[in-house]
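Residue numbers (mature numbering (1 follows the signal peptide of the UniProt record, and there is no 0)): -20 to -1, 1 to 471.
Glycine included, each C-beta is placed from N, C-alpha and C at the ideal position.
From a predicted model like this one, the values you see are computed outputs, not experimental measurements.
Reading through the structure tokens given below for one structure.
Encoded structure:
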């Protein structure tokens, strides 16, 4: 999710009044629905990221993955039920699945292992329209219909639930988008009214009180996490939740963007960067986090990361993961600290099945921070694992707290309607809504551009590699040269 535009300070057209989420005391029957999520390893993280960052041609961007996702949930569609494993994505808004006869699933060697949906096999299927159409600048995407059918998960049922089906596609992984309904494909491609996506449908069915949910991914080694629709689990975070406004993009509320106001890496303050404050998208569908280029370079300098332009990411020595240093993110006074051991990812193996190493013999890890290429900043799973996040779409607010890793206790409280403050969620004192436009703000400007990275430590530069005692990890087979083309539209 990137864009490229001139650097400018831009104010959101309407800054909402910041108020705390109203948490009702826990009752014997709170209206909260838990959706367990599971983490799966993917064979090539960088291939996953590159496919994810391709741009859809349309008013608001939509994402689609070509690799197995890291975080997914199990649910079923139809009558009788057809089981599916879907990628959890706060950066998009449609639930989308393949059909068994889709161009991708019918031709793949291991076709669509997350499951498919066959409308002809369901007695409760209904056709809505043929406006489901996600396309990318590289020609990939999915085309099909919008339909309704019965959705089952967590012991609950939603009748006549609308979703997209891909009859022609180039992705094997279905997506469970839970962002703003205003970001749905049929709204932005066909100009139709939004339909109730999953969070709104749960409200309409009186299963939850408010269009809000919380996300807890747990740490890098954990295999499970949790989404609570309509609720907060106070045992999964420490301190208080700090509430801040979502920043408008395109003159409205389309994506879950907040203001990143400061950064500190291993005690070095980076807050003087001209790239800050930056609008950042909190996106569970992205494995890596993407920060403004100058900030990313400073972080790379601190960890002696070696940037590889051909894959758009950096490698660093795995031994640094044992450091007790942190990368700290400030949001209008609320700080989320990310331990170093959450930022060093398995880089895979070389062509001989051996771990990737630098030329000095040190094992190489994929570093969890990448540059924005002059475009939009995005905080993916390498950040979100350390944060407890409440997405309050009803009030256009997000609340953040430091996560508690590996918590086995529960104290679930219902998120009710209204905006009253409670001790668990307090508004930040001075919410920031003006953000820098180019190196990490909300997607602004007009026209299209192809973004490239300049000014980063080049691992092919002999002098630089020698100074770090490093060069390109030996035998790396990950990724390919790519340029991210971005379409940015006027507000």
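Backbone secondary structure at residue 386 - three-state DSSP: Judged by DSSP in its simplified three-state form, residue 386 adopts coil rather than helix or strand.
Beta carbon of residue 164, beta carbon of residue 73: below 8 Å? yes
Do residue 189 and residue 362 have their C-beta atoms closer together than 8 Å? No, the Cβ-Cβ distance between residue 189 and residue 362 is not below 8 Å.
Quick check: is any heavy atom of the ligand ADP less than 7 Å from the C-beta of residue 12? This structure lacks the ligand ADP; in fact it carries no ligand of any kind.
What are the residues that DSSP puts in a beta bridge with residue 16? 206
Would you say residue 381 and residue 222 are within 8 Å of each other, going by their C-beta atoms? yes
For my contact list, residue 536 and residue 280 are in at a C-beta cut-off of 8 Å; report their separation, rounded to the angstrom. A query on residue 536 cannot be resolved here, the shown segment of the chain reaching from -20 to 471 and no further.
Mind checking who residue 89 pairs with in its DSSP beta bridge? According to DSSP, residue 89 bridges with nothing at all.
Since residue 129 and residue 264 are thought to touch, with beta carbons under 8 Å apart, how far apart are those beta carbons, to the nearest angstrom? With 8 Å as the limit, residue 129 and residue 264 do not qualify as a contact, their Cβ atoms being about 25 Å apart.
Determine the direct distance from the alpha carbon of residue 151 to that of residue 84, and round the result to whole angstroms. 7 Å
Between residue 52 and residue 66, how many whole angstroms is the CB-CB distance? I'm expecting something under 8 Å. Yes, they are in contact, since the Cβ atoms of residue 52 and residue 66 sit about 6 Å apart, within 8 Å.
For residue 107, list the residues DSSP reports as bridge partners. 127
Residues bridged to residue 113 by DSSP? 123
Determine whether the beta carbon atoms of residue 123 and residue 139 lie at a separation below 8 Å. no
Do residue 308 and residue 317 have their beta-carbon atoms positioned less than 8 Å apart in this structure? yes
Supposed contact pair residue 159 and residue 250 - C-beta distance, whole angstroms, cut 8 Å: 29 Å between Cβ atoms; not a contact.
Mapping the DSSP letters down to three states, classify residue 201 as helix, strand or coil. coil
Is the separation between the beta-carbon of residue 241 and that of residue 257 shorter than 8 Å? yes
Identify the residues that DSSP records as bridge partners of residue 195: which are they? 207, 369
Within the segment 206 to 267, note down every full beta strand (DSSP E) run reaching 3 residues or more, in order along the chain. DSSP runs (the beta strand (DSSP E)) wholly in the segment 206 to 267: 211 to 213, 217 to 225, 237 to 240, 242 to 245, 258 to 262.
For a test of the three-state rule: what should DSSP assign to residue 441, helix, strand or coil? Per-residue confidence for residue 441 stands at a pLDDT of 37, beneath the threshold of 50, marking its modelled position as unreliable; the derived number appears in the next sentence. Reduced to three states, the DSSP call for residue 441 is coil.
Give the straight-line distance between the Cα atoms of residue 286 and residue 260, rounded to the nearest whole angstrom. Those two C-alpha atoms are separated by around 24 Å.
Within 10 angstroms of the Cβ of residue 254, are there 16 or more other Cβ atoms? Answer buried if so, exposed if not. With fewer than 16 Cβ atoms within 10 Å of its Cβ, residue 254 is classed as exposed.
Contact criterion: CB-CB distance below 8 Å. Does residue 158 meet it with respect to chain D? In the displayed structure, chain D is absent; only one protein chain is listed.
Residue(s) in a DSSP beta bridge with residue 146: Paired residues: 78, 124.
Among 61, 60, 100, which residue has its Cα nearest to the Cα of residue 79? Looking only at 61, 60, 100, the smallest Cα-Cα distance to residue 79 is reached by 100.
Given a threshold of 16 other Cβ atoms within 10 Å of its Cβ, counted over all protein chains shown, does residue 201 qualify as buried or as exposed? exposed
Straight-line Cα distance separating residue 186 from residue 14: 15 Å
Do residue 473 and residue 273 have their C-beta atoms closer together than 8 Å? No statement about residue 473 is possible, as the shown extent of the chain runs from -20 to 471 and does not include it.
Proximity winner among 11, 162, 212, relative to residue 231 (alpha-carbon distances): Selected option, being the one with the closest Cα: 162.
What do you get for residue 213, buried or exposed, if any count of 16 or more other CB atoms within 10 angstroms of its CB means buried? buried
Contact check, residue 145 vs residue 127, beta carbons under 8 Å: yes
What is the residue span of the alpha helix (DSSP H) that residue 288 lies within? For residue 288, there is no enclosing alpha helix (DSSP H); the residue is part of the beta strand (DSSP E) that begins and ends at 286 to 288.
Please work out which residues of its chain come closer than 7 Å, Cβ to Cβ, to residue 392, disregarding the five sequence neighbours upstream and downstream, and give them in chain order. 6, 10, 12, 208, 211, 213
Residue 154 versus 93, 111, 197, residue with shortest Cα-Cα distance: 93
Nearest-angstrom Cα separation, counted from residue 359 out to residue 369: 12 Å
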